[in-house]
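Residue numbers (this note's numbering), protein chains in the order written: chain G, 921 to 1295; chain B, 921 to 1295; chain E, 921 to 1295; chain H, 921 to 1295.
Each remark here refers to the structure printed beneath this line.
Number of protein chains: 4
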Amino acid sequence: MRTHYDVIVIGAGVIGCSIAYHLSKRGKSVIILEKGSTAGKASSAAAGMLGAQTELEEDSPLFRLGKQSRTMFPDLAADLKSLTGIDIEYEKNGIYKVARTEEQVVRFQSLINAQNQLGEETHWVAAEQLQKGEPALSTDVLGAMYIPNDGQVSATKLTKALAQAAVTLGAEIREFTEVHRFVKEGVEIKGVETNSGLNRAEHVVVAGGAWSETLLKEAGVNLETYPVKGECFSVKTRKRLINGTIFSDDCYIVPKAGGRLIIGATERPGLFDETVTLDGISRLMEAAKKVVPGVGEAEWEKAWAGIRPQTKDALPYLGEHPELKHLFVATGHYRNGILLAPVTGEVIADLIDGIAIKKDWNSAFQMNRIPVQVQ
Amino acid sequence: MRTHYDVIVIGAGVIGCSIAYHLSKRGKSVIILEKGSTAGKASSAAAGMLGAQTELEEDSPLFRLGKQSRTMFPDLAADLKSLTGIDIEYEKNGIYKVARTEEQVVRFQSLINAQNQLGEETHWVAAEQLQKGEPALSTDVLGAMYIPNDGQVSATKLTKALAQAAVTLGAEIREFTEVHRFVKEGVEIKGVETNSGLNRAEHVVVAGGAWSETLLKEAGVNLETYPVKGECFSVKTRKRLINGTIFSDDCYIVPKAGGRLIIGATERPGLFDETVTLDGISRLMEAAKKVVPGVGEAEWEKAWAGIRPQTKDALPYLGEHPELKHLFVATGHYRNGILLAPVTGEVIADLIDGIAIKKDWNSAFQMNRIPVQVQ
Amino acid sequence: MRTHYDVIVIGAGVIGCSIAYHLSKRGKSVIILEKGSTAGKASSAAAGMLGAQTELEEDSPLFRLGKQSRTMFPDLAADLKSLTGIDIEYEKNGIYKVARTEEQVVRFQSLINAQNQLGEETHWVAAEQLQKGEPALSTDVLGAMYIPNDGQVSATKLTKALAQAAVTLGAEIREFTEVHRFVKEGVEIKGVETNSGLNRAEHVVVAGGAWSETLLKEAGVNLETYPVKGECFSVKTRKRLINGTIFSDDCYIVPKAGGRLIIGATERPGLFDETVTLDGISRLMEAAKKVVPGVGEAEWEKAWAGIRPQTKDALPYLGEHPELKHLFVATGHYRNGILLAPVTGEVIADLIDGIAIKKDWNSAFQMNRIPVQVQ
Amino acid sequence: MRTHYDVIVIGAGVIGCSIAYHLSKRGKSVIILEKGSTAGKASSAAAGMLGAQTELEEDSPLFRLGKQSRTMFPDLAADLKSLTGIDIEYEKNGIYKVARTEEQVVRFQSLINAQNQLGEETHWVAAEQLQKGEPALSTDVLGAMYIPNDGQVSATKLTKALAQAAVTLGAEIREFTEVHRFVKEGVEIKGVETNSGLNRAEHVVVAGGAWSETLLKEAGVNLETYPVKGECFSVKTRKRLINGTIFSDDCYIVPKAGGRLIIGATERPGLFDETVTLDGISRLMEAAKKVVPGVGEAEWEKAWAGIRPQTKDALPYLGEHPELKHLFVATGHYRNGILLAPVTGEVIADLIDGIAIKKDWNSAFQMNRIPVQVQ
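Here is the structure:
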């Protein structure tokens, strides 16, 4: 069994798999170590919305990171299909951010202006016109901010296809493998010790989602992320009920292939618990019926939950550890892990290759932007 | 392959399996023909409530049938455990029929009087006292009619244990076997033709639940039953939230082994469709939270639906066909199939054995009480 | 609820859904009546092999039907993706018909000659060369007949996409709807009676797979088909173990997207029973390990079974009833339902439209080629 | 949220839940911290054999521990049923240790003598007599060592019932809670730090099965256990095929309630990987068919795997840490976790209560019997 690699990636979620895929494309030898199964946690729980302009509303390094990542999906989808046979169900079907109060109307219209000034496509759709395009919407909806370039993928398929593509390109994945501690020589990270032995590498990337913090404590790093549970459910319809994704303050409704709808998501900070509560989904149901009454007639499929990693300033951590050499971190993507996976893979691969990344990303997402307590 | 039996039972739901069990105990050779799988339809969908005094409120042949069947459960549970190792989870944990309006208070108290006069145990529990016994109940509940002798079983386990016990006693079960037509000689039924050949028997019993009607049309019998879909769901709690079953006008909540709760059931007449609608379960959720607010915190498990057979006068059909000899029917049990399974098995076995059954049952449940149209 | 249609299709398997899709594309109003769920039986159990030259080896109307259908897949895949978002995973990855005895070597080489003379692409691959292209094959394999134009799809996705596409084009699907009898006026079929009421139509198509025979008995037609159970299982591998499909006398191994392999299939005639036996899959496992030893290391996924409709002369029935007007039949596709679905949809749509189909197909697949006993 | 307890138990498998149950019965306040779900790992994977004389063949502290635990099951089953409604399916149905070679005949007969001299019930059953009692056994079987007092339970139900009973008696269970490190004050353990905060307790018990070692490294303890993966599968039969459990060198076959059979188990040391391999189950199938040919006809249900904790000298660790005060360990039960759960719960509860346990148990199972390397 091989034990020395160019790069060890810890975590086989969408972020870890994207990093492994990008590194493998560049000829690096990569191993992914995963304590459970590939795509076993939040990456499979996501609705797969690509809401670059929906969720990230104002100009900022994160806004630009999201937009960059969104542009990568068409080529990525084609490459993954060709390498693995898996269709990630990428669709640029647009997102409607619907207003149900006058306050929202005003707020969204000002958002449209702000985004237009940045050169982003988005416009207001008045109630009457909205009913024509999306007749299933409640007549209570006063209008919507429409973002034509946002879209979606299948989150599970994206993650599995990235993993499979990395393997096809030469990477290894070792599941049910828990990393116990880092192998340090002075300030240099040289590998990791796991429940199935020692692995050495030139570089180690921690991409463990909400579980990254625990692991990093091992290296004396206090990352200050926290988990946020999100509950979702899915239903099936005979005919596609909505064309674009409907995004309201209380829920979102994402139309998937073959008439499925994914409806999400609650926000329960502080919990690693992956159970779904009756209250969580019953509130989402009420919220969904208010925006698209016809979902009441849809066929129930199932409910699930995922644990997303959030940070104190709501920005991900992307970068090398300031003091420990060769230790990289990519976590804290919160609700945007699917959207940000492609660009995160590229950024980490660039950093490992010694290629400079955008300056504002470097400073915005570095690990010591919030005083990191090295114990 | 044997092709001649004392009795052919059509349908491996709880009714058919109970009939086969009773006949096998009496030494009859029995085959159950089932078009799908054992316990595959409504019998597995039921919550397993034994609401002899809860659902059947007033003196009538059906009320007495239910009470008789309820008394059979303790011995049946013991016999099935010993024959099959399966614990049917029989529990005489009582049912609270809760009142949330003054109108209900009055109605339930008069019901109590009526039942007491019949010698049935039941009494009124005022709000304050109710909170002591069932502290999880909403303080909106004004009191409850308490029925100590009603209880519950696991519907799926009851059905599977009856099937397995019948097999242990010598019966056969042939699944995925569809009955196409009856073998008639004059007015005598001599067997059935199926997709896997001909089977002959001295007697044929149709116990096909909501699907019985279709089959009987083959024999020129128009039974006039109709399907009623019921949707349910289950949640899990760490501690048993309620002790007795809570029965309200909009839902019931049945506490099962290990902290599970089953919450049911919607009523959708005319549908054979076994899908669960978002609306169906979201309404049950709202109803359940009104009666026992703490269920909101419970962990979601799953949702399902079953198709119950209802009749025009809401009474089951139990008896021999008035014109076709040796053809028996046991269907139309609607919401009370689990409760009525033991007595139904006994009644049909008696009829086949030529033992007279109670006169009022005979007349109340016979096939030609509603003018049967022989085509 | 609408009750009159241009065409009623009975059965929402791959054949019924393809017919509904083709008719809907031509502007017909169509309803599919399905007694269970869409793609609920054999259509979901199939491995999805498109073995036009593999399974159908010699020139015949059926051989030409299969080849015609195979050519339809590329355009169909594109159309279904665009209408429904569903990728049917069509792949023209070739099939290796492997020889493990000298007798097979001789037989396959003569088959190659025969097919080449018909203008079909296929050639012999000697053991050494075979090991280069498919290094996972056992060194016991003496060579293979290679068919580059055969391929595969996802059988479940094909069926669901056809159903969804038909709905998108205006068709209706009514599940859990059992057809009891045909509505006849003299020799004309005018509709069907179901458990949810009467439906009338200009034409009725029976596409009920192995269950068609039962239904047709209702119309006094004795079709003489019989069920053949096939058991399968699937495993998962990290890397794609084989490139083409491996077809041996005892089993076939089909490589699916993302490293899955489907291995099938047993042949158990006469059974409608959908259970999987230990013996069935343990024999397939031994057979698969002999051809591709590395499958032993693969991760177990699941096992299942499907019931295929076979006929006495091993040819499907495609056509109008010789005496009952407007009653069409499409069944008996046995192991080739997935391959033949596109052409079957087209042929039945042509017949309904009054367009002449190929003469040899007309005579080879007509209902009264085997003396049909009209009772 | 309460944060101080009498005892923290780490691990909600059968061992942890039994400890929590025994402590709760004695009035201790207990919290179980579980990184996944209750009964989520090996405790649900076990076949539930209680092979005190089957698996532990010769007189030794472990043999006596097993026998003691076996005697506890009848009362435990009754108590758990009464506290939780869960039937753990305890059955004293006997185990046949079958001989298929002359060498085994000799070996088993000498084993019988040895056990008889210890006063244990067991006797030889010759081939002819064996066929009478267990007619499904292969005629190749030369005879069997019969152990009437061994038996079985449902492993999953036992674990869930112990957990539920502990909760009913006042314990808490916190799932999805990972312990990061121990809180030490000098040589005293005062609690644990988890991903959801700090918990303090008078005593901490590590009952994490194969995952205990990792955790203990945190406290500087090198326990030297290793994981052994075991793969199993289950089938269903109409009639109970065997009465007792059949134990051969290559597999065991355990008859469960309602005609199910569990067949296990492979032994793959060093793996934490919970996947099932085709090879693993195909070998078990062949082995099972050799002993009980009729299982070939049984209906396939499912396959799974569990990770058992083994130690260098094949004895469990039960006791207090020799240097760190208030830290207890209960792991290394390997294939006997279900059998040993009751006595383990009692032993650990005794140790915490300051009650002396049997001397030979104390020395045989203590942590520093193998030189423990405190780093």
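Cβ coordinates follow ideal geometry from the N, Cα and C atoms, glycine included.
{"Asked": "Outcome for Glu1108 of chain G when other beta-carbon atoms lying within 10 angstroms are tallied against a minimum of 16", "Found": "exposed"}
{"Asked": "Ser938 of chain E (DSSP reduced to helix, strand or coil)", "Found": "helix"}
{"Asked": "Distance between Glu1022 of chain E and Asp1280 of chain E (C-alpha atoms, nearest Å)", "Found": "36 Å"}
{"Asked": "Cβ neighbour criterion (16 or more within 10 Å) applied to Ala1046 of chain H", "Found": "exposed"}
{"Asked": "Selected residue, minimal CA-CA separation from Leu1000 of chain B, among B:Ala1083, B:Ala1130, B:Gly1063, B:Cys1171", "Found": "B:Ala1083"}
{"Asked": "Per-residue contacts from Gly1216 of chain E into chain H (C-beta, under 8 Å)", "Found": "Thr1197, Leu1198, Asp1199, Ser1202"}
{"Asked": "Near-chain E residues of the region 1218 to 1248 of chain H - C-beta to any C-beta below 7 Å", "Found": "Ala1218, Glu1219, Trp1220, Ala1223"}
{"Asked": "DSSP bridge partner residues for Leu970 of chain B (one or two, in chain order)", "Found": "B:Gly1071"}
{"Asked": "Min CB distance Arg1158 of chain E to chain G below 7 Å", "Found": "yes"}
{"Asked": "Backbone secondary structure at Gly1257 of chain G - three-state DSSP", "Found": "helix"}
{"Asked": "Interface positions of the region 1147 to 1175 of chain G facing chain B (Cβ-Cβ less than 7 Å), listed along the chain", "Found": "Val1155"}
{"Asked": "7 Å Cβ cutoff met for Asn1115 of chain G and Glu1133 of chain G", "Found": "no"}
{"Asked": "Cβ pair Ala1075 of chain E, Tyr941 of chain E closer than 7 Å", "Found": "no"}
{"Asked": "C-beta contact flag for Thr1145 of chain H and Ser938 of chain H at 7 Å", "Found": "no"}
{"Asked": "Backbone secondary structure at Ala1064 of chain B - three-state DSSP", "Found": "strand"}
{"Asked": "Separation of Val1018 of chain E from Ile951 of chain G, as counted between CA atoms", "Found": "35 Å"}
{"Asked": "Continuous beta strand (DSSP E) stretch holding Trp1220 of chain E: start and end", "Found": "1219 to 1231"}
{"Asked": "Within-7 Å CB hit, Ala1177 of chain B to chain H", "Found": "yes"}
{"Asked": "7 Å Cβ cutoff, Asp1007 of chain B in contact with chain H", "Found": "yes"}
{"Asked": "The beta strand (DSSP E) enclosing Lys1156 of chain G, as first and last residue numbers", "Found": "1145 to 1156"}
{"Asked": "Outcome for Met1065 of chain E when other beta-carbon atoms lying within 10 angstroms are tallied against a minimum of 16", "Found": "buried"}
{"Asked": "Leu1204 of chain G beta carbon less than 7 Å from that of Cys1171 of chain G", "Found": "yes"}
{"Asked": "Whole-angstrom distance between Ile1182 of chain B and Lys1176 of chain B, CA atom to CA atom", "Found": "7 Å"}
{"Asked": "Ile928 of chain G CB to nearest heavy atom of the ligand COA below 6 Å", "Found": "As for the ligand COA, it is missing from this structure, which has no ligand bound."}
{"Asked": "Beta-carbon spacing of Lys1077 of chain B, Ile1006 of chain B below 7 Å", "Found": "yes"}
{"Asked": "Span of the beta strand (DSSP E) around Val1196 of chain E", "Found": "Unbroken run through Val1196 of chain E: none, as it is neither H nor E."}
{"Asked": "Neighbour list for Phe1192 of chain E in chain B, Cβ cutoff strictly below 8 Å", "Found": "Phe1096, Thr1097, Glu1098, Asn1115, Ser1116"}
{"Asked": "Nearest residue (CA-CA) to Arg1158 of chain E, options E:Ala1139, E:Gly1178, E:Ile1166, E:Val1141", "Found": "E:Gly1178"}
{"Asked": "Residues bridged to Ile1019 of chain G (per DSSP)", "Found": "Looking at the sequence shown, residue 1019 of chain G is not Ile but Ala. Answer by DSSP bridge pairing, in chain order: G:Gly1063."}
{"Asked": "Enclosing beta strand (DSSP E) for Gly1111 of chain B [first to last residue]", "Found": "1108 to 1114"}
{"Asked": "Any 3 or more C-beta pairs closer than 8 Å across the region 1032 to 1045 of chain E and the region 1206 to 1213 of chain G", "Found": "no"}
{"Asked": "CA-to-CA distance, Ser1058 of chain G to Arg1020 of chain G, given in whole angstroms", "Found": "10 Å"}
{"Asked": "Limits of the unbroken beta strand (DSSP E) element including Trp1302 of chain G", "Found": "Any answer about residue 1302 of chain G is impossible in this case: the structure gives chain G only from 921 up to 1295."}
{"Asked": "Arg1289 of chain E in three-state terms, based on DSSP", "Found": "coil"}
{"Asked": "Residue-chain proximity (Val1292 of chain E, chain G), Cβ-Cβ < 7 Å", "Found": "Confidence is the limiting factor: at Val1292 of chain E the pLDDT is only 47, short of 50, which leaves the residue's position unreliable, though a coordinate-based value still follows. Not one chain G Cβ lies under 7 Å of Val1292 of chain E."}
{"Asked": "Straight-line Cα distance separating Leu1235 of chain G from Asp1287 of chain G", "Found": "Residue identity differs from the one stated: residue 1287 of chain G is Met in this sequence, not Asp. If you take the alpha carbons of Met1287 of chain G and Leu1235 of chain G, they lie about 10 Å apart."}
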